[in-house]
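Notes follow once the structure below has been shown.
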Amino acid sequence: MRPLKAYLSKSALLHNVAFLQQKAPNSQLCTVLKANAYGHRVALMVPILEHVVNFFAVAAIEEAETIRTLSNTPIILLEGVFEHHEYHLCDEFNFIPAIGNAHQLNGLLDAKLMNPIDVFIKINSGMNRLGIRPEELAHYYQALNDSENVKSIQLMTHLACADEADDTKTRTQLALMANLPQHLSASISNSANIFDDQKPAQSIVRAGLALYGASPFDDQTAESIGLKPILELRSKIIHVNHIKAGEHVGYGATFTAPHDLPVGVVACGYADGYPREVSKEAYVLIDGYKAPIIGRVAMDMFMVDLSAVPESKWDREVILFGEALPIEYVAQWAGTIPYTIFTHLAARIHFNVID
Ligand SMILES: *Cc1c(COP(=O)(O)O)cnc(C)c1O
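Residue 9 is where the sequence shown starts when you use the working numbering, and the numbers rise one by one after that.
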C-alpha cells in the first residue's frame, strides 16, 4: 500500500467544536461540510460531529443526500435548490434550503409538499454573489410567510471580507443586516467572523475552515488563534539518491546540486493535491528536521534534500502538513489558501481516524 496517509484527529476536531461554541455561546453551531467536508471525508467527520453540533451545511443537495445516509442532523443547503423537484427532498429529508432568487421562491410556492419546511431567505448584503437585494425582502418574506409549504423563516447572509484586517466592508454588511426593518433571526458569521468580538447576535454561526483547524487569516496560524489542526498528511521516503555536485533533480532539471547530497523521493505529488506551485521555501519534516523540496513536484512524487536529516534513509516517515507543520505555510509557499489545499486532497489518499 502506498504510504501516503491522512490522519484525522477526533480530539482536535472536538476541541475546535468546543472552542467555536465558546466563541459564539448564544448561537447554534452549523458546521460546513461542503466539498466532502473540505476534503476531510464526510463519512469520517459526520459520526464525530453529529451529536455535538446543531446543523450541517452543504453546497448541493447531492452532498446533503450523502450525509443523510449517515446522520439525521438537519442540513442547510447554502445555495438552495437547483431544480424545483428538490423541494420534495427537503421535505422528506429535513434539508433547509436558502431561497435567494425568484426561481427558488416560485419553485417553493408552487410545490405541493406533504409538510411545511424551514427556509432561509438569503440576503445579498454586499458580496454580490447569491441572494436577494435587501429591498426585495418584504416581498419574499410576505410570499413565504403566506405559503403552506413554509414552516419557519430565517435570514442568511455571507461576508466577503471577514478575514481581512480592514473591517470597513464587514461593518457595512453587518450594518445593512442590522438595519433591515424585518426583525428576523439570522445566520451571518463564517469562520473568520466568529473570531470578531463585535460580531452580531445571531441564531446560527457557520464554521467551515476553522472547524478543520486552519486559520482564515493569512497572517496567523491556527494554533495562534486557539484552533488545533485536525488533519496530518504523512508519507514516506520511497527511494534515496546520492547525487554529485552539478547534477540535476526532477522534470526540467530545475534543481542543480551545489554539492554532493542525499535526495529523498517522497510518495506524494500534485495528483494527490500537493500543490505543484510551491516556492523554494517549501519543506517537509522528517523526525523534526526540515527537508527542503527540490526540483518540480511531479504527479505522484517529489524530491527533498536530505542533507539536514541525520540517517536519511529509505522508509523514513515524512510530514507534509499537520500540527508540526502548519498547512498555512504550505498554502503560502504555493501562493494560495488552506481551503484549496484541503479541497484538492485526492480520493486515492488513505484516511485514518485517530484518537
Ligand atoms: C463555505 C461557506 C461558509 C464557510 O466558510 P468558512 O470561511 O470556511 O468558515 C459559510 N457560509 C457560506 C454561505 C459558505 O458558502
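All C-beta atoms in this analysis are idealised placements derived from N, C-alpha and C, irrespective of residue type, glycine included.
- Sequence-distant partners of Arg-10 (beyond 5 residues in either direction) whose C-beta falls short of 7 Å from its own C-beta, in its chain, are Ala-275.
- One alpha carbon belongs to Arg-356, the other to Tyr-148, and they sit about 45 Å apart.
- Taking all protein chains shown into account, Gly-343 has fewer than 16 neighbouring C-beta atoms within 10 Å of its C-beta and is therefore exposed.
- Selection Ile-69, Leu-145, Ala-68 and Leu-41 evaluated against Glu-58 yields Leu-41 as nearest (Cα-Cα).
- In the DSSP annotation of this structure, the continuous segment of the beta strand (DSSP E) that includes Met-164 starts and ends at 158-165.
- Counting only residues of its own chain and dropping the five nearest sequence neighbours on each side, Val-317 has a CB closer than 6 Å to the CB of Ile-294, Tyr-297 and Ala-299.
- Proximity to Glu-87 across Ile-69, Asp-280 and Asp-171 peaks at Ile-69, based on C-alpha coordinates.
- Leaving aside the five residues that flank His-166 on each side, the residues in its chain whose CB is nearer than 6 Å to its CB run, in chain order, Met-135.
- Boundaries of the alpha helix (DSSP H) around Ser-199: 199-202.
- Note on Gln-112: 16 or more other CB atoms within 10 angstroms of its CB, so buried under the neighbour-count rule.
- Contact annotation: Ser-133 and Gln-181 have beta-carbon atoms nearer than 7 Å.
- Under the criterion of beta carbons closer than 8 Å, Ile-362 and Tyr-46 do not qualify as touching, at roughly 18 Å.
- For Ile-349, the enclosing alpha helix (DSSP H) starts and ends at 346-351.
- Relative to ligand 1, even the nearest heavy atom lies 6 Å or more away from the CB of Asn-24.
- Contact between Gly-221 and Lys-236 holds, since their C-beta atoms are separated by about 5 Å, short of 8 Å.
- When secondary structure is reduced to three states using DSSP, Leu-241 falls in the strand class.
- Of the candidates Asn-249, Leu-121 and Leu-219, Leu-121 places its Cα closest to the Cα of Lys-159.
- Residue side-chain check: Arg-214 places its Cβ nearer than 6 Å to a non-hydrogen atom of ligand 1.
- Three or more Cβ pairs drawn from the region 276-288 and the region 346-356 lie within less than 8 Å of each other, which places the two stretches in contact.
- The residue from Glu-240, Ile-212, Lys-18 and Phe-310 with its alpha-carbon nearest to that of Leu-333 is Glu-240.
- Distance check between Pro-266 and each of Val-273, Tyr-291 and Ile-302 places Ile-302 closest, using alpha-carbon atoms only.
- Contact between Gln-29 and Leu-37 holds, since their C-beta atoms are separated by about 5 Å, short of 8 Å.
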